[in-house]
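If you read the protein sequences in the order shown, they are chains A and B.
According to our numbering, the first sequence holds residues 72 to 203 in order.
According to our numbering, the second sequence holds residues 8 to 288 in order.
To start, the structure under review is shown below, and the notes come after it.
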Amino acid sequence: MPQQDVELILMRQLASYLTTPIFLYGPDERLLFFNEAAEKLLGLPFDEADDMPPDQLAILFRTKTEAGKRMPAKDLPIVIALRERQPAHNAVRIRGIDGVWRTIEATCLPLMGQGGRSLGAVAFFWEKGQTA
Amino acid sequence: MKLTFWGTRGSLPSPGPENARYGGNTACVEVRGADGAMLVLDAGTGIRRLSASLPDGLTRVDLLLTHLHMDHIQGLGFFAPLYQPGLEVHIWGPPSATHDLGTRLTRYYLSRPLFPVRLRDLPCQLTLHDVPSDEFEIAGFRITAALVCHPGPTVGYRISENGATVTYLPDQELALGAREFCPDAEWTSGYALAEGADLLIHDAQYTDEEYPERIGWGHSTFNHTLAFAAATDVKRLVTFHHDPAHSDQMLDRFVEQARRSSALPFLLVGGEEGATFQIHG
């Protein structure tokens, strides 16, 4: 695997220390990393997640709007951050591998490097509540 | 390619009898191409002696800065080519997120009260370049620069000519944030620059005992650098950016211990001021 840009290396290192759930995506929409806090939220270890693009991840976790309606992939905050290079925030419902529905706030930011390089995007999650 | 080490010390010029062999001058390395083309890597205090060795008839010099910490630019005002009218001098270095290299050099060093001569008053034909993020070429050298893990905008360089490759990573903290450093091709700063190089010049400032008190200062331990050199499959490692408190005796001991402790898959050399290396592909 070729070396990632140092900005992504540093972001991954920071994420690995935080207890805030964080996802890190590369510019090619490849899932590069999620931290232990995100593993807990999803019920899925990072090593089993493979190179999952965000729309596949949304299907796996049955992502819905806070009101319970199906959420098109294009409306996912991480997709907006990656494809439109805009920050995005939304409340979504996901069903983890453990079968628990969780309402989470997702804040996603594009990562821009010097010289206008698009490095990918980072997603921060915050759990608001759980339902069976 | 021929390399000459004019300064190998890190952080602070450290002259003294205890440092006579590894030297007290800060980072500066001369790179000569097959046809005599010349690159200078960093402008630490070692650049003053380099200036005195320059041949007559030189028409162009390219100075590649890794970053603007003082130990890498303190000699810049004493770089003789800057004062030679008509001589073409190109300075390459990283911009910050908001300022180009020229603004940063003016703001941080070549201006009053830090230095009496202003950048704009230099009589040479000076061109400043924000270092490109893609491969570029200078006088037959193919050069790749990439940001590395060190406080503030800092790059490392991979320089190739006629099949020979040198990688210059004088300041980088390999293990920042790692619970246990284990070089991984995808997630290790500087990996792509160093991979397969004929000669790697790398930061080896701290001992394992010193590092825990200096995490985040931007430098590597001797042992992390050895692990990095092995993982990147380089042929030779020259340790660099020696701590001001590490005497010749201590640096000799680090090298000897490393050679004795394991069968190193590369040739290990402690970076001494005045050392020269011929690099062939």
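All residues carry an ideal CB built from backbone N, CA and C; glycine is no exception.
| said: For the region 231-244 of chain B against the region 172-191 of chain B, do three or more pairs of beta-carbon atoms, one drawn from each stretch, fall closer than 8 Å, so that the two count as touching? | reply: yes
| query | Hey, out of B:G40, B:A27, B:G53, B:F85, whose CA is closest to T33 (chain B)'s CA? | reply | B:G53
| task | For G84 (chain B), collect the residues of the same chain with a Cβ closer than 7 Å to its Cβ; drop the 5 residues on either side in sequence, then sort them by chain order. | result | L117, F122, V124
| message | With H, G and I counted as helix, E and B as strand and the rest as coil, what does DSSP make of I2 (chain B)? | response | Outside the modelled stretch of chain B, which goes from 8 to 288, sits residue 2 (chain B), for which no answer is possible.
| Expressed to the nearest angstrom, what Euclidean distance is found between the alpha-carbon atoms of R243 (chain B) and G203 (chain B)? | 10 Å
| What are the boundary residues of the alpha helix (DSSP H) that N230 (chain B) is part of? | 229-238
| field | Closest by C-alpha distance to W13 (chain B), when choosing among B:G23, B:P24, B:Y29 | value | B:Y29
| K140 (chain A) and I175 (chain A): beta carbons closer than 8 Å? | no
| query | What are the partner residues of T136 (chain A), as DSSP defines its beta bridges? | reply | A:V163
| said: Let's see if you can read the secondary structure: which residues bound the beta strand (DSSP E) around A185 (chain B)? | reply: Neither: A185 (chain B) is in no beta strand (DSSP E) and is coded neither H nor E.
| field | Cβ of I149 (chain A) within 8 Å of any chain E Cβ | value | The structure shown has no chain E; the protein chains it does contain are A and B.
| query | At a Cβ cut of 9 Å, what residues of the region 84-102 of chain B count as close to chain A, listed as they run along the chain? | reply | P101, P102
| query | So, using beta-carbon positions, are H136 (chain B) and I98 (chain B) closer together than 8 Å? | reply | yes
| message | With a threshold of 8 Å on Cβ separation, who are the neighbours of T255 (chain B) within its own chain once the five nearest residues in sequence on each side are excluded? | response | Per the sequence shown, residue 255 (chain B) should be read as Asp rather than Thr. Same-chain partners within the cutoff: E25, N26, A27, R28, Y29.
| Helix or strand or just coil, what does DSSP make of P181 (chain A)? | strand
| field | Beta-bridge partners of A192 (chain A), as assigned by DSSP | value | A:Y96, A:P181
| said: Tell me which residues share the same chain as D78 (chain B) and place their Cβ nearer than 7 Å to its Cβ, disregarding the 5 neighbours each side in the sequence. | reply: G17, S18, L19, T33, A34, G51
| request: Closer than 9 Å, Cβ to Cβ, to anything on chain B: give me those residues from the region 164-186 of chain A, in chain order. | output: G184, Q185, G186
| Partner residues on chain B for V193 (chain A), Cβ-Cβ distance less than 9 Å | Under the 9 Å cutoff, chain B gives no residues; its nearest Cβ is about 15 Å from V193 (chain A).
| message | Between which residues of its own chain and P98 (chain A) is the CB-CB distance below 7 Å, once the five residues before and five after are set aside? | response | S189, L190, G191
| The beta strand (DSSP E) with M45 (chain B) in it runs from where to where? | 45-48
| query | Where DSSP assigns a beta bridge to R149 (chain B), which residues make up the other side? | reply | B:E144, B:S167
| query | Under 8 Å between the Cβ atoms of P190 (chain B) and F235 (chain B)? | reply | yes
| message | Using a Cβ-Cβ distance cut-off of 8 Å, determine whether L190 (chain A) contacts chain B. | response | no
| query | Apart from the five residues on each side of it in sequence, which residues of its chain come closer than 7 Å, Cβ to Cβ, to Q285 (chain B)? | reply | K9
| field | Chain-ordered residues of the region 80-104 of chain A with a beta carbon less than 8 Å from chain B | value | I80, L81, R83, Q84, L85, S87, Y88
| request: Out of B:T105, B:G23, B:R165, B:D205, state which residue places its alpha-carbon closest to the alpha-carbon of L274 (chain B). | output: B:D205
| field | Per DSSP, the bridge partner or partners of Q285 (chain B) | value | B:K9
| query | Helix, strand or coil for T134 (chain B) per DSSP? | reply | strand
| field | Identified DSSP bridge partners for D69 (chain B) | value | B:L46, B:H97
| What do you get for M72 (chain A), buried or exposed, if any count of 16 or more other CB atoms within 10 angstroms of its CB means buried? | exposed
| chain A beta carbons: is any one of them nearer than 8 Å to that of A211 (chain B)? | no
| query | Can you list the residues of chain B that M72 (chain A) reaches, using a CB-CB cut of under 8 Å? | reply | A192, E193
| Which listed residue (A:V163, A:M123, A:K111, A:D121) has its alpha carbon closest to that of R133 (chain A) | A:V163
| query | Apart from the five residues just before and just after Y218 (chain B), which ones in its own chain have a Cβ nearer than 6 Å to its Cβ? | reply | T228
| task | Buried or exposed for R119 (chain B), please, with buried defined as at least 16 other CB atoms from any protein chain shown within 10 angstroms of its CB. | result | exposed
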